[in-house]
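The opening position of the first sequence corresponds to residue 33 in our numbering, with each subsequent residue numbered one higher.
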Amino acid sequence: MTPAELSQAVQAAVSAAVEAGELAVAVPEHVTIERPKNRDHGDYATNVALQLAKPAGKPPRAVAELLAERLRGITGVTKVDIAGPGFMNITLDAATQGELARTIVEAGPAYGRNEALKGLKINLEFVSANPTGPIHIGGVRWAAVGDSLGRILKATGADVTTEYYLNDAGVQITKFAKSLQASANGKPVPEDGYVGEYIADIAKAIVEGVPGVLDLSEGEQLEVFRTEGLKLMVAEIQRSMEEFGTHFDVWFSEKSLHDSGAVEKAMERLREQGHVFEQDGAIWLRTTDFGDDKDRVLIKADGETTYFAADAAYYLSKRDRGAEVSVYMLGADHHGYVNRLKAIAACAGDDMDRNIEVKIGQFVKMLRDGQEVRLSKRAGNIITIDDVVEWIGVDAARYMLARSSTDSTITIDIDLVTSQKAENPVFYVQYAHARMCSVQRNAVEKGITRSADFKPELLATEWESNLLGELAQFPGVVAKSGEWREPHHVATYLEKLAREYHRFYDNCQILPKGDEEVTDLTHARLWLADATRTVIANGLTLLGVTSPERM
RNA sequence: GCGCUCAUAGCUCAACGGAUAGAGCACUUGACUACGGAUCAAGAGGUUGCAGGUUCGAAUCCUGCUGAGCGCACCA
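Okay, structure coming up:
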């Protein structure tokens with residue numbers, strides 16, 4: 033029996049009590065079933081009686097007693113205790129719990145998928161760093177978190193489009209082009225230009241790829257450096273993302289919004305909604321109607337459209353392409369945009385509490401020898417994605433960046449994460465997987481094939497029970513991560529699961545020792561080990577981390 | 001000045017408003033003639049920044065304070 037099934041059973045018990053006239057309450061839509069920290073409290077616990085006590089006008093323990101009586105009649109439930117203020121502690125029999133191992137193995141990669149967000153169309157935009165340089169560490173965090181979130185949302189039934197917004201229009205691109213041009217001509221970097229070896233690399237590539245470029249007039253040259261530089265920089269970003277295992281369904285060009293007239297159309301739509309006005313020769317959007325601290329300019333007095341106008345057009349583009357929810361993942365230095373972005377949605381007539389979500393990610397620090405690392409050879413005073421991959425590898429980088437809440441600033445100690453001796457969370461989880469693969473290899477060597485005749489009731493020790501209980505949590509964890517847009521719960525979960533597996537492994541011999549007989553217990557434990565391997569692999573896949581068979 | 005985010009073990013981080021706040025690292029002590037010791041077991045380590053409030057119950061929600069990071073353009 034899974035927690036979800038148990039939850040339904042409790043709901044049914046509430047319904048039955050209501051129908052019997054014993055409880056005058058509305059049946060709750062969700063009944064929380066949790067795994068008690070203290071196993072003396074049973075296999076599962078629910079606080080539903082505490083929640084229903086007030087509306088029912090009865091003491092919590094009395095409500096609990098009504099429900100407990102009904103739950104005790106369910107097959108597989110061996111005990112229902114009432115504890116503390118009114119918790120119901122539920123104990124299942126071993127066979128009912130053990131059956132889960134078969135369910136998981138048979139589901140394979142599908143175990144964990146759920147329908148919590150079934151059919152919801154979500155646009156997930158992340159990284160979106162300016163194509164004027166390599167992706168820096170903040171962008172790397174979003175690549176890890178955003179890509180994982182995309183995978184989790186898909187597993188949760190959502191219809192997700194992942195997207196990278198390329199700011200390929202505007203003054204920063206001109207600055208970038210001028211920096212390339214200066215480099216190609218052996219001139220010093222212009223005021224406020226971009227510095228770093230990558231500028232020289234790209235400039236050189238352009239000079240080699242476009243013969244005669246340096247013979248063109250200054251203005252013609254600049255155009256070549258603009259278009260070619262952009263092309264090369266975007267290609268490099270795409271390569272970096274690809275190598276990082278991060279996939280975007282759409283690379284959306286800001287320039288295309290301007291070129292296609294989408295910006296003008298967007299402003300027209302906002303005007304129809306009544307939030308556009310003119311003042312001091314400029315065109316404004318009255319974002320203060322929806323909580324922004326000042327109104328925003330769409331068209332400057334000189335006739336130029338602003339970046340903000342493109343943002344508005346971009347939001348509407350996402351909407352037009354079917355997104356019910358647009359999720360923006362921004363760095364902490366952009367938190368000032370939250371209100372204005374949400375105001376765009378509201379000004380367009382959307383629900384700013386539902387149709388748009390803005391997530392803010394805090395900064396990442398990297399340490400080596402106890403000192404913060406700030407410098408990158410290739411790009412001056414920033415750490416690039418390639419630096420991170422070179423230092424700690426894709427798996428460790430993705431895992432470490434995705435395992436913490438984006439609300440926390442995080443510090444990654446390069447020495448810890450790369451050390452062969454020091455344990456670290458990535459290897460801890462991966463090792464559990466490799467260990468199970470090893471057991472399976474040994475089983476094959478011994479000629480043991482997991483029997484279809486599975487006796488779940490044999491998985492009865494506390495270690496097996498704990499492991500099964502943890503395995504049962506997985507679909508709920510995935511659903512929660514998706515609903516809350518917080519991938520780190522998957523990592524936290526995997527660490528707990530790996531811990532339970534290692535405990536099981538150390539206390540429960542799976543394969544026969546020496547010339548001992550192969551027993552039903554051998555088979556039952558192989559089912560359990562295989563189920564655990566499946567869940568760890570599924571979880572690591574959601575994080576975009578590999579599941580090695582050997583380490 | 002205004003606003004956003006954060007503050008949990010020596011360090012890095014967890015904890016749907018729930019029971020005794022948990023892991024890993026580091027530290028102490030044990031366990032390989034058993035499937036991988038990158039593991040396990042035991043120990044030590046906390047006034048959840050401070051002060052109030054809400055309630056059956058607060059690290060979590062509210063208010064104030066302190067401290068840190070960031071942001072407050074007709075820039076992008």
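The C-beta atom is built at its ideal place from N, Cα and C for all residues, glycine as well.
| request: Report yes if the C-beta distance between R102 and A58 is below 8 angstroms; otherwise report no. | output: Numbered from 1 along the first sequence, position 70 holds the residue referred to as residue 102. Numbered from 1 along the first sequence, position 26 holds the residue referred to as residue 58. No, the pair does not count as a contact, with Cβ atoms beyond the cut-off.
| Cβ neighbour criterion (16 or more within 10 Å) applied to N121 | Here the question's residue 121 lines up with position 89 in the first sequence. N121 comes out buried.
| How close, in whole Å, do the beta carbons of G151 and G182 come, if the pair is a contact with beta carbons under 8 angstroms? | By 1-based counting over the first sequence, the position of residue 151 is 119. By 1-based counting over the first sequence, the position of residue 182 is 150. In fact, because the Cβ distance is near 16 angstroms, the residues do not count as touching under 8 angstroms.
| Looking at the unbroken beta strand (DSSP E) that takes in D113, where does it start and where does it end? | Within the first sequence, residue 113 is the residue found at index 81, counting from 1. Per DSSP, D113 belongs to the beta strand (DSSP E) from 109-115.
| task | To the nearest angstrom, report how far apart D247 and L254 are at their CA atoms. | result | On the first sequence, position 215 is the one that residue 247 refers to. On the first sequence, position 222 is the one that residue 254 refers to. Roughly 12 angstroms separates the two Cα atoms.
| the stretch 417-430 / the stretch 229-239 touching (three or more Cβ pairs under 8 angstroms) | Verdict: no, contact absent.
| said: Taking only three categories from DSSP, how would you classify H62? | reply: Along the first sequence, one-based indexing puts residue 62 at 30. When DSSP states are grouped into helix, strand and coil, H62 belongs to the coil group.
| request: Starting from T206, trace the alpha helix (DSSP H) both ways and give me its first and last residue. | output: Position 174 of the first sequence, counting from 1, holds the residue named residue 206. Counting along the chain, the alpha helix (DSSP H) containing T206 begins and ends at 203-216.
| said: Could you tell me the alpha carbon to alpha carbon distance between G116 and A41, rounded to whole angstroms? | reply: Position 84 of the first sequence holds residue 116. Position 9 of the first sequence holds residue 41. Those two C-alpha atoms are separated by around 22 angstroms.
| task | Could I get the ranges of all uninterrupted beta strand (DSSP E) runs contained in the stretch 261-320, with 3 residues as the minimum, in chain order? | result | Uninterrupted beta strand (DSSP E) stretches at least 3 residues long and entirely within the stretch 261-320 occur at 282-285, 308-311, 314-317, given in chain order.
| By Cβ distance below 7 angstroms, which residues in the same chain neighbour L302 in space, the five residues on each side in sequence not counted? | Stepping through the first sequence from its first residue, residue 302 is reached at position 270. Excluding sequence neighbours, L302 sits near V308, L317, A344, C379, A380.
| Terminal residues of the continuous beta strand (DSSP E) containing L362? | Position 330 of the first sequence, counted from the first residue, corresponds to residue 362. Unbroken beta strand (DSSP E) run through L362: 357-363.
| request: Would you mind stating whether R539 and Y143 have Cβ atoms separated by less than 8 angstroms? | output: In the first sequence, residue 539 corresponds to position 507, counting from 1. In the first sequence, residue 143 corresponds to position 111, counting from 1. The sequence given here has Asn at residue 539, not Arg. Cβ distance not < 8 angstroms, so N539 and Y143 don't count as in contact.
| request: To the nearest angstrom, report how far apart Y93 and A56 are at their CA atoms. | output: Counting from 1 along the first sequence, the entry for residue 93 is found at position 61. Counting from 1 along the first sequence, the entry for residue 56 is found at position 24. Residue identity check: residue 93 is Arg in the sequence provided, not Tyr. Spanning the two alpha carbons is a distance of roughly 16 angstroms.
| message | I'd like to check one pair, I568 with H465: are the Cβ atoms closer than 8 angstroms? | response | Residue numbering aside, residue 465 sits at position 433 when the first sequence is read from its first letter. Residue numbering aside, residue 568 sits at position 536 when the first sequence is read from its first letter. With a cutoff of 8 angstroms on beta-carbon distance, H465 and I568 are scored as near each other.
| field | Terminal residues of the beta strand (DSSP E) in which T193 lies | value | Position 161 of the first sequence holds residue 193. 191-198 is the span of the beta strand (DSSP E), which, as asked, contains T193.
| field | DSSP three-state assignment for D445, whether helix, strand or coil | value | Along the first sequence, read from residue 1 onward, the residue named residue 445 stands at position 413. Strand.
| query | DSSP state of R557, grouped into three classes? | reply | Start at 1 with the first residue of the first sequence, and residue 557 comes out as number 525. Shown here, R557 sits in a helix according to DSSP, grouped into three states.
| query | CA-CA distance, E195 and E157? | reply | Position 163 of the first sequence, counted from the start, is the residue given in the question as residue 195. Position 125 of the first sequence, counted from the start, is the residue given in the question as residue 157. Going from the Cα of E195 to the Cα of E157 covers about 5 angstroms.
| field | Alpha-carbon to alpha-carbon, L433 and T169 | value | Here residue 169 is taken as the residue at index 137 of the first sequence, counted from 1. Here residue 433 is taken as the residue at index 401 of the first sequence, counted from 1. Reading off the sequence shown, one finds Ile at residue 169, where the question assumed Thr. Using only the alpha carbons, I get a separation of about 10 angstroms.
| field | Residues near D224 by beta carbon distance below 8 angstroms, same chain, minus five either side | value | By one-based count along the first sequence, residue 224 stands at place 192. For D224, where only same-chain residues beyond five positions count, the Cβ hits under 8 angstroms are K207.
| message | I need the DSSP call for M398, collapsed to helix, strand or coil. | response | Looking up residue 398 in the first sequence gives position 366. For M398, the three-state secondary structure derived from DSSP is strand.
| task | Decide if R271 is buried, meaning its Cβ has at least 16 other Cβ atoms within 10 Å, or exposed. | result | In the first sequence, the residue the question calls residue 271 occupies position 239. Exposure of R271 is indicated by the presence of fewer than 16 other C-beta atoms within 10 angstroms of its C-beta.
| CB contact flag (G313, A333, <8 angstroms) | Taking the first residue of the first sequence as position 1, residue 313 is located at position 281. Taking the first residue of the first sequence as position 1, residue 333 is located at position 301. Contact annotation: G313 and A333 have beta-carbon atoms nearer than 8 angstroms.
| said: Taking the straight line between their C-alpha atoms, what separation do you get for K111 and P519? | reply: For the purposes of this step, residue 111 is taken as residue 79 along the first sequence, with counting starting at 1. For the purposes of this step, residue 519 is taken as residue 487 along the first sequence, with counting starting at 1. K111 and P519 have their alpha carbons spaced roughly 35 angstroms apart.
| Does the pairing of the stretch 548-555 with the stretch 497-516 give three or more beta-carbon distances under 8 angstroms? | No, the stretch 548-555 does not touch the stretch 497-516.
| Quick one: is D382 buried, meaning 16 or more other Cβ sit within 10 Å of its Cβ, or exposed? | Your numbering for residue 382 matches position 350 in the first sequence. Residue burial is scored here from C-beta neighbours: D382 has at least 16 other C-beta atoms within 10 angstroms and is therefore classed as buried.
| field | Per DSSP, cross-strand counterpart(s) of E389 | value | Within the first sequence, residue 389 is the residue found at index 357, counting from 1. Beta-bridge partners of E389 (DSSP): V359.
| field | Assigned secondary structure, L499 (DSSP; H/G/I helix, E/B strand, else coil) | value | Along the first sequence, one-based indexing puts residue 499 at 467. If DSSP states are grouped into helix, strand and coil, L499 belongs with the helices.
| query | How would you label A201, buried or exposed, when you count the other beta carbons within 10 angstroms and need 16 or more for buried? | reply | Within the first sequence, residue 201 is the residue found at index 169, counting from 1. A201 is buried by the Cβ-count criterion.
| Considering only residues of the same chain and omitting the five flanking positions on each side of P488, which have a CB-CB separation below 6 angstroms? | Taking the first residue of the first sequence as position 1, residue 488 is located at position 456. The residues are A127, G130, E131.
| In DSSP terms, what Q403 is bridged to | In the first sequence, counting from the first residue as 1, residue 403 sits at position 371. Beta-bridge pairing links Q403 to R400.
| Across which residues does DSSP place E157 in a beta bridge pair? | Locating residue 157 in the first sequence gives position 125, where the first residue counts as 1. Answer is E195, Y360.
| message | Can you check which of these residues, L558, K90, V177, Q505, is closest to S483 by C-alpha distance? | response | As a working note, residue 483 is residue 451 in the first sequence. For the residues L558, K90, V177, Q505, the minimum Cα distance to S483 belongs to L558.
| field | R473 burial status per 10 Å Cβ neighbour count (16 or more: buried) | value | On the first sequence, residue 473 is found 441 positions in, with the first residue counted as 1. Under this definition R473 is an exposed residue.
| task | Less than 8 angstroms between the CB atoms is what I'm expecting for G425 and W174, so what's the real figure, rounded? | result | If you number the first sequence from 1, residue 425 lands on position 393. If you number the first sequence from 1, residue 174 lands on position 142. The beta-carbon separation of G425 and W174, rounded to 19 angstroms, does not stay under the 8 angstroms limit for a contact.
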